[in-house]
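In terms of this note's numbering, the sequence shown is residues 153 to 272.
Don't be surprised by glycine CBs; every beta carbon is placed ideally from N, CA and C.
Nothing here was measured: the structure is a model prediction, and the numbers come from that model.
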Amino acid sequence: MKTKSSFLEYVLRDAMQEIPGIMAKAMFGGYGLYKNDVVFGIIADDELYFKVDEANRAEYEKRGSRPFTYVGKNRKRITMSYWEVPAEILEDRALLAEWVGVSVAISQRRGGAITQTRSR
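Written out as structure tokens, the structure reads:
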């Protein structure tokens with residue numbers, strides 16, 4: 153069984169310690185982040201990603217973030233609707249809590265499911 157990463161421990165016990173209802177579940181070699189049973193983020197390769205849509209994508213782009221991608225079956229690049237959380241947001245608990253709230257709302261609008269698009 154895979155042990156929790158020190159980065160996951162930092163995110164849960166330090167950066168998000170004051171945000172109620174946060175938990176992580178192992179999935180696909182990383183972790184899904186949940187607030188009150190709604191998935192809003194993922195941790196993969198010691199990077200934190202939050203759910204993004206057209207309402208907040210520009211804020212992530214402005215800060216130089218990139219979407220989470222992986223190579224799927226048939227060697228096609230898969231781009232998901234999760235974007236890396238900028239370091240300055242991760243280090244500011246008040247802003248981080250706001251960004252969590254936005255990502256939870258986005259996920260709730262989309263039914264809480266992980267969505268993906270295929271790049272060609």
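Nearest-angstrom Cα separation, counted from residue j out to residue i
i	j	result
Ala210	Ser217	10 Å
Tyr212	Lys203	11 Å
Leu160	Met232	20 Å
Of the residues the options, the one placed nearest residue i, counting alpha carbons only
i	options	result
Ile230	Glu236, Val237, Thr221	Thr221
Leu200	Tyr183, Arg215, Lys214	Tyr183
Arg215	Glu240, Val223, Glu250, Gly181	Glu240
Ser255	Asp166, Arg245, Asp205, Gln169	Asp205
Gly263	Glu236, Phe192, Glu250	Phe192
Glu236	Asp189, Val190, Asp197	Asp197
Gln169	Pro219, Val252, Val190, Lys228	Val252
Contact under 8 Å by Cβ, residue i with residue j
i	j	result
Tyr234	Ile194	yes
Ala167	Leu248	yes
Ile171	Leu185	no
Ala207	Ile258	yes
Closer than 8 Å to chain D by CB, residue i
i	result
Ser233	In the structure shown, chain D does not exist; there is a single protein chain.
#### Entry: Minimum length 4: unbroken alpha helix (DSSP H) runs contained in the region 214–244
239–242
Item checked: Sufficient close CB pairs (3 or more, under 8 Å) joining the region 172–188 to the region 232–246 -> no
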